[in-house]
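Q:
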Amino acid sequence: MDIGRLNLEWAIELISAFAKSGVAGWVISPGSRSTPLALACRHLQGLKTAVSPDERSAAFCALGMARAFGGPAGVIATSGSAPANWYPAVIEASLDLVPLVLLSADRPVELQGCGANQTIDQGRMFGTHVRGYVQLPHADPAPAMFRRLRFDAARATDLSRWPLPGPVHVNVPLREPLLADGGAPQIGLRVATEPPTVTGRPSLVSAPTAISGISDALGGKAGLIVCGRGRFGDRFAGEIVALGDRLHCPVLADPLSGLRFGADRSRRLVTHYDTFLRGPGFGGGSRPEWVLRFGGAPVSRALERYLQEAGDAAHILVSPCGDWPDPTLSVTQVLHADPSEICAALREAAPPPGPVEWEARFHEAERRERERLGGDRSLPVEAQVIRGVLSALPEGARVFCGNSTVIRDVDSFSGALPHRLELAGNRGASGIDGNVSTAAGMAVGAGSPVVGLLGDLALYHDMNGLLLARERDVTLVVFNNGGGAIFSYLPQADLPEFERFWLTPTGLDMEKIASLYGIGYSRVDDAVGFGEAFSRSISLPGANLIEVVIDRRESVRRHREFWST
Numbered sequence: 393m394d395i396g397r398l399n400l401e402w403a404i405e406l407i408s409a410f411a412k413s414g415v416a417g418w419v420i421s422p423g424s425r426s427t428p429l430a431l432a433c434r435h436l437q438g439l440k441t442a443v444s445p446d447e448r449s450a451a452f453c454a455l456g457m458a459r460a461f462g463g464p465a466g467v468i469a470t471s472g473s474a475p476a477n478w479y480p481a482v483i484e485a486s487l488d489l490v491p492l493v494l495l496s497a498d499r500p501v502e503l504q505g506c507g508a509n510q511t512i513d514q515g516r517m518f519g520t521h522v523r524g525y526v527q528l529p530h531a532d533p534a535p536a537m538f539r540r541l542r543f544d545a546a547r548a549t550d551l552s553r554w555p556l557p558g559p560v561h562v563n564v565p566l567r568e569p570l571l572a573d574g575g576a577p578q579i580g581l582r583v584a585t586e587p588p589t590v591t592g593r594p595s596l597v598s599a600p601t602a603i604s605g606i607s608d609a610l611g612g613k614a615g616l617i618v619c620g621r622g623r624f625g626d627r628f629a630g631e632i633v634a635l636g637d638r639l640h641c642p643v644l645a646d647p648l649s650g651l652r653f654g655a656d657r658s659r660r661l662v663t664h665y666d667t668f669l670r671g672p673g674f675g676g677g678s679r680p681e682w683v684l685r686f687g688g689a690p691v692s693r694a695l696e697r698y699l700q701e702a703g704d705a706a707h708i709l710v711s712p713c714g715d716w717p718d719p720t721l722s723v724t725q726v727l728h729a730d731p732s733e734i735c736a737a738l739r740e741a742a743p744p745p746g747p748v749e750w751e752a753r754f755h756e757a758e759r760r761e762r763e764r765l766g767g768d769r770s771l772p773v774e775a776q777v778i779r780g781v782l783s784a785l786p787e788g789a790r791v792f793c794g795n796s797t798v799i800r801d802v803d804s805f806s807g808a809l810p811h812r813l814e815l816a817g818n819r820g821a822s823g824i825d826g827n828v829s830t831a832a833g834m835a836v837g838a839g840s841p842v843v844g845l846l847g848d849l850a851l852y853h854d855m856n857g858l859l860l861a862r863e864r865d866v867t868l869v870v871f872n873n874g875g876g877a878i879f880s881y882l883p884q885a886d887l888p889e890f891e892r893f894w895l896t897p898t899g900l901d902m903e904k905i906a907s908l909y910g911i912g913y914s915r916v917d918d919a920v921g922f923g924e925a926f927s928r929s930i931s932l933p934g935a936n937l938i939e940v941v942i943d944r945r946e947s948v949r950r951h952r953e954f955w956s957t
């Protein structure tokens, strides 16, 4: 038997079954044991693929692809410690409900536990951070085993999407030789022709008694609708605005909710709450009697505190999956149902609207902040740059928002815009690792340009992601504030060891970094210079890095001044 040929046919059947089940692309890291899997991706038509020699970067790239697809992507690595480098991306995908297929090649059973090179125990290596673990058998020519292979691929893909989306680990032991006699054959290979296993997911609707009870709790009272991060579908925006109209209540939209950027919803949306909720003047006299929440926990700490201080308010969380995103432990009722269906059902129940003055107070605060942002030239440079980026981008553009101060500035200063933009961020674990690779993965998956907003430490943590980015139309806007500037807002900033142990400036030359990885570079220190550099970057194909040099102390001063007035 030609074991090398069988390995390749086995791998082609596996990758084909994944493709038919909905895995539209793979990120591959080079290795010997994974050779049949890499060749299978090359052999099959229609798959989007990317290659990264750094497994950590590869996994975050797959995460970005899945964000762009709105469905599962896969990552492939060889045996040994290689797949262990996926761990940070696996954790992020698990916490942020992103479907991933983790395909690790492995040594055969006869090499386990005997000191063989590049052989570790890969079984269940990701613990509770995966939705499932599938141990495949060795390649076997029996038709029944090929049927089992297709079954396992379809089941793993389905498990990555429902009931709780996230990563699934599939371990693939492969015996040598890994190539067919004479190398990889290009003709005569077995090609899977069997139809795919079709899976469907339900649209969850709450019982009429639950809707009636919620309608009674909301009707005629002062309340809030809060939309955190999530992918809610095309119908949701219209339904949530219509429900807000019915209830006469403001809709507070997180920057990652998908609501801030699209058709003009300004009559209902509130987006500047992070600023006006910081002071006691607004929050002290306005407490909701109910809160209806959709999606993940909001970025804004000010909003989180405001909701936590709502006391005895009815706090209803709508989650279509089995997760409970409630860090303040305030939820009084959880509905596992489709958000759009809940909005439609509540509107149909026709609860009486809340007090006019309650809604008016939020919209008046929103109007004031919008006017202040439009005319205030003393804004932090980061705010001016972010607003410039979002205004200049064309309809349908994709933006990746890095963590730390970046996503908080996007939350505070972006506001709402009439043209559709797709914003994403790794807010599951909120790490600064893998940001460049995730943005590059979004570009791979979407097949269109992506803008990444991130800090200098995030760039440092993921410089190898620039290898992926340089092959795509990616503009990276890097705010260089000399290290972990977010700590400047915390008590640690007063410690004598602050700069060494918390700020940790790297002192790296970003122009040299860009040159090392072969991407374009610009350096600016104000909004005017940035506007010119950004216009050039998005008008040309290829990857570019725009370094925005920030005076950290001046930035902290301007932020505090803006939030306190």
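At position 439 of the sequence shown (counting the first as 1) the number is 831 in this note's numbering, and the numbers step up by one without a gap. Glycine included, each C-beta is placed from N, C-alpha and C at the ideal position.
1. What do you get for R769, buried or exposed, if any count of 16 or more other CB atoms within 10 angstroms of its CB means buried?
2. Output yes or no for whether 7 Å exceeds the beta carbon distance between G396 and P555.
3. In or out: D666 buried (at least 16 other Cβ within 10 Å) or exposed?
4. Taking only three categories from DSSP, how would you classify F628?
5. Mapping DSSP to helix, strand and coil, what is D498?
6. What residue range does the alpha helix (DSSP H) around F668 cover?
7. Do A861 and R790 have their CB atoms nearer than 7 Å?
8. Could you name the residues of the same chain whose beta carbon sits closer than 6 Å to that of D950, not counting the 5 residues immediately before and after it, in chain order?
9. Reducing DSSP to helix, strand and coil, say where F518 ends up.
10. For S552 and H521, what's the separation of their Cα atoms in angstroms?
11. Taking the C-alpha atoms as reference points, what is the distance between K412 and R539?
12. By the DSSP assignment, the alpha helix (DSSP H) with T797 in it spans what residues?
13. Whose C-beta lies closer than 8 Å to the C-beta of P712 among residues of the same chain, with five residues either side of it excluded?
14. Let me know the secondary structure DSSP gives E814 once reduced to three states.
15. Taking just the CA atoms, how far does L738 sit from P600?
16. What would DSSP say about I579, mapped onto helix, strand or coil?
17. To the nearest angstrom, how far is the alpha carbon of G414 from that of L439?
18. Got a sec? Which residues, its chain only, sit under 6 Å from N795 by beta carbon, not counting five neighbours each side?
19. With distance defined between alpha-carbon atoms, name the residue in G934, E447, I468 nearest to I407.
20. Can you give me the start and stop residues for the beta strand (DSSP E) that L541 sits inside?
21. Quick check on DSSP: helix, strand or coil for W418?
22. State the start and end residues of the unbroken alpha helix (DSSP H) segment that holds W561.
23. Mind checking which residues open and close the beta strand (DSSP E) that includes Q725?
24. The alpha helix (DSSP H) spanning E953 covers which residue range?
25. My understanding is that C433 touches S829, with C-beta atoms under 8 Å, so please give their C-beta distance in whole angstroms.
26. Rounded to whole angstroms, what is the Cα-Cα separation between R425 and A572?
27. For the beta strand (DSSP E) containing L698, list its first residue and its last residue.
28. Kindly list the residues whose CB is nearer than 6 Å to the CB of I579, restricted to its own chain and excluding five residues on each side of it in sequence; keep chain order.
29. So, are the CB atoms of S471 and R516 less than 7 Å apart?
30. Might you give, ordered along the chain, the residues of its own chain that have their beta carbon closer than 7 Å to the beta carbon of R753, omitting 5 neighbours on each side?
31. In angstroms, rounded to a whole number, what distance separates the CA positions of E681 and L639?
32. CB-CB under 8 Å to L436, same chain, minus the five flanking residues each way: which ones, in chain order?
A: On the basis of the coordinates in this document:
1. exposed
2. no
3. buried
4. helix
5. strand
6. 665 to 668
7. no
8. Looking at the sequence provided, one finds Arg at residue 950 rather than Asp. For R950, where only same-chain residues beyond five positions count, the Cβ hits under 6 Å are P772.
9. coil
10. 12 Å
11. 14 Å
12. 797 to 805
13. L596, H728, A729, D730, P731
14. strand
15. 10 Å
16. Residue placement at I579 is poorly supported in this model, since its pLDDT is 47, which falls under 50; the coordinates still yield a value, given next. In this structure, I579 counts as coil in the three-state DSSP scheme.
17. 11 Å
18. S822, I824
19. I468
20. Run containing L541: none in the beta strand (DSSP E); it sits in the alpha helix (DSSP H), 535 to 553.
21. strand
22. One detail in the question is off: residue 561 reads as His in this sequence, not Trp. Not the alpha helix (DSSP H): H561 falls in the beta strand (DSSP E), residues 559 to 565.
23. 725 to 727
24. 944 to 956
25. Not quite, the Cβ-Cβ distance comes to about 18 Å (not below 8 Å), so this is no contact.
26. 14 Å
27. For the sequence presented, residue 698 should be read as Tyr rather than Leu. No beta strand (DSSP E) contains Y698, which is instead part of the alpha helix (DSSP H) from 693 to 700.
28. A caution first: I579 carries a pLDDT of 47, below 50, which makes its placement in the model unreliable, though a value can still be read off. Closer than 6 Å at Cβ, skipping near neighbours: no residue.
29. no
30. S678
31. 13 Å
32. I404, I407, S408, A411
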